[in-house]
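Below is one structure; the comments refer to it alone.
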Amino acid sequence: MHNECSPDSVLTNQLSCEADHEHDHDHGEAPYVDMTSNVYQLHAERKLPMIGVDSINTKLSYTDYRHDEIDEGAVGTTFENKAISAQAQATHSTYKTGNLGFMKGVVGLDYTNSRFSAVGLEGYLPQTDRTQVGLFFIERLTPDYFGAKIQNADKFAGQSLSASDAHAGHNHGETTNDAPLDTSSILRKQGKSPWYIEFGGRQDFQNLIDNDNNIEKTHAGTSVSLEGGKYLTPNTQLSARISHSERLPSPQELFSNGAHLATNTWERGNGQLEEESTDGIELTLRYDNGNRFDSSISVFYNDSTNYIYAKTQDIATEGESAGFRLVDYVQSDAKHYGSEIQSRYYLNNNISIGSFADIALITLDDASLTRKYAPRLVAPRIGGDITSQFGQFDLVLSGYHRFEQDHIADFETNTPSYNMVDAKLVYHSSSAHDYTAFFQVENILNELAYNHASYLAEQVPMPERSLNAGITYNF
């Protein structure tokens, strides 16, 4: 890939590429990246700090990241990112809300301050300071005290009810046809809540400063959601979620202007981008017989206003620069829709078989487009795995079929289907010094596969068969 193209000075939405030069000499050493990343983290928790509060959790982190892109022994571009982030969240005690039920929830604050710079041949993004502040809360209402309890505040928003023995509460033939099945009574004996309601909100603030051009941008966004679930039978739960979310534009989407060789593009940001707004609905049906089989199916639909995406304006088609794209960050109304299915069958306590399938599409309301699909959409897939646990060993054999992607955007071509098979063996120690060792084989079939979601889908295939091994040691 070569940086021999740039936007034409007259036809600004077209590329102007230098004529290829003949080379008789050896290009020498292949380009490579020299990366250094240091991350320091501090986590603290205080239990029962005061009446009405179960716990307060805080997280602090500092990241110092740098990588040099080296070509023929010389540093071409240096990328640096330094960031300080903090999060504090408090979990309040469960309390009774009159006749409605029991409520428990989390309130919190996020803060991040970072500075990013790209200096050199690929300095497509100016030095940018970014400050982000977020305030959030989430509450869960259930008819039972135990149903309002939460295990992990970070996972609270997506918490699903656990399954247990489906036969608990049966009267062994003593229930007659004259009386309806008391689902709520059975669920309570199983430790499940017959229903739940979950609601939350988040307010985000962002300040961006382009130090090179003395440009400052501020944005704010509000997100809210409401979710409810009810057991239709002791084994089947139906849940629904509606949401409104606002995403703030990133520095890359606002300020970039230059060749980004990692994606083989010339990127142009748009300082006029507004907050992206999305209204969505999702329905999920779950089944769990509490013993050997569980399954779920979900469908979703999102309607976006001012959806931000990277629109290809032109692409080089000849010579060594073929495939190099001119990309603008633009906004358009969009519709997202898709579905996901997954299930697992337990042969015994040690071996289970899983299966899954998913599909997602995004269409754009942009009159300038010939094709209305968003770029770089992931193709549908179907797959499964066999998972086994014997003593201190875990073995997973997984695979999936990725279908051909023919829902393509302008300047894209179809990406062929492929099959991917992986295997992973993990050993968990039982000694006083805990460690985990793993051995993994990826792309066992050595399949030639291309990832349509990549900017380089038409030039660079996914990795060939590879072997990985590692050890994690806890002390």
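With the first letter of the sequence shown counted as 1, position 471 gets the number 933 in the numbering used here; the numbers rise by one all the way through.
The C-beta atom is built at its ideal place from N, Cα and C for all residues, glycine as well.
Model, not experiment: these values are computed from the prediction.
Inter-residue CB distance, residue i and residue j (contact presumed, cutoff 8 Å)
i	j	result
Thr938	Asp872	Only positions 463 to 937 of the chain appear in this structure, which leaves residue 938 out of reach.
Glu689	Ser701	6 Å
Glu584	Ala721	6 Å
Gly845	His869	Actually they are not in contact, since the Cβ atoms of Gly845 and His869 sit about 20 Å apart, beyond 8 Å.
Gln665	Leu597	5 Å
Gln476	Asp765	Not really, about 33 Å apart at Cβ, beyond 8 Å.
Asp827	Ser794	6 Å
Gly731	Ser705	Gly731 to Ser705, Cβ: 28 Å. No contact.
Thr525	Lys544	7 Å
Closest Cα partner of residue i within the set the options
i	options	result
Asp820	Glu534, Phe762, Ser576, Val789	Phe762
Val883	Ser794, Glu904, Ile844	Glu904
Gly932	Ile513, His890, Glu660, Leu603	His890
Arg709	Phe667, Met565, His505	Phe667
Glu736	Ser712, Glu744, Tyr527	Ser712
Glu802	Arg843, Ala772, Asp828	Arg843
Phe578	Ser718, Ser928, Gln549, Ser705	Ser718
Ile906	Thr898, Arg927, Phe900, Ala915	Arg927
Gly535	Arg528, Ala784, Val495	Val495
Ile671	Lys692, Gln589, Val858, Thr875	Gln589
Asn812	Pro837, Val569, Asp856, Phe818	Asp856
Glu744	Asp750, Lys544, Ser758	Ser758
Gly816	Glu866, Tyr771, Thr767, Arg754	Arg754
Met950	His554, Gln921, Gln594	Beyond the ends of the chain as shown, which are 463 and 937, falls residue 950; an answer cannot be given.
Leu587	Phe564, Asn673, Tyr835	Asn673
Pro696	Arg748, Ser687, Gly582, Gly567	Arg748
Glu480	Thr746, Ala506, Leu504, Ala784	Ala784
Leu788	Leu723, Leu504, Thr767	Leu723
Val888	Leu859, Glu874, Phe865, Tyr880	Leu859
Ile824	Ser517, Tyr808, Ala841	Ala841
Asn936	Thr877, Asp896, Ile848	Asp896
Gly733	Lys679, Ser523, Gly781	Lys679
Ser517	His529, Met497, Gly567, Ser814	Gly567
Ser685	Tyr835, Leu918, Thr740	Thr740
Glu920	Ala778, Gly560, Thr934, Leu929	Ala778
Lys797	Phe818, Tyr807, Ser814, Ala822	Ala822
Helix, strand or coil at residue i according to DSSP, with G and I counted as helix
i	result
Ser712	coil
Phe786	coil
Asp827	strand
Gly663	strand
Gly781	helix
Thr474	coil
Tyr935	strand
Asp616	Residue placement at Asp616 is flagged as unreliable, the pLDDT there being 46, under the threshold of 50; the coordinate-derived value follows with that caveat. Three-state result, Asp616: helix.
Asp674	coil
Glu466	coil
Asn732	coil
Cys479	strand
Asn768	strand
Asp834	A small correction: the amino acid at residue 834 is Lys; Asp does not occupy that position in the sequence shown. Note: Lys834 maps to coil in three-state DSSP.
Val792	strand
Val537	strand
Val840	coil
Thr725	coil
Thr556	strand
Lys566	strand
His634	Bear in mind that a pLDDT of 33 at His634, under 50, signals an unreliable position, so the number given afterwards is only what the model happens to contain. Of the three classes helix, strand and coil, the one that applies to His634 here is coil, per DSSP.
Asp640	Low local confidence applies: a pLDDT of 37 at Asp640 is under 50, so the model's placement there is unreliable, with the coordinate-based value given in what follows. It is coil, neither helix nor strand.
Gln621	Its pLDDT being 32, under 50, Gln621 is placed unreliably by the model, and the measurement read from it follows with that caveat. Coil.
Ser626	The pLDDT assigned to Ser626 is 30, lower than 50, so where the model puts this residue is not dependable, and the model offers no usable value.
Lys654	coil
Arg754	coil
Leu809	coil
Residue range of the beta strand (DSSP E) that includes residue i
i	result
Arg843	843-852
Asn561	Asn561 -> no beta strand (DSSP E), and no H or E assigned at all.
Lys679	677-695
Leu745	738-750
Tyr527	515-533
Arg592	590-604
Asp496	494-512
Asn719	719-722
Glu584	First-last for Glu584: undefined, no H or E at that position.
Residue-level contact to chain D via CB, residue i, 8 Å cutoff
i	result
Gln775	Although the question refers to chain D, the structure presented lacks it and comprises just one protein chain.
Any beta strand (DSSP E) of 3 or more consecutive residues that is wholly inside the segment 855-932: 855-864, 880-890, 897-904
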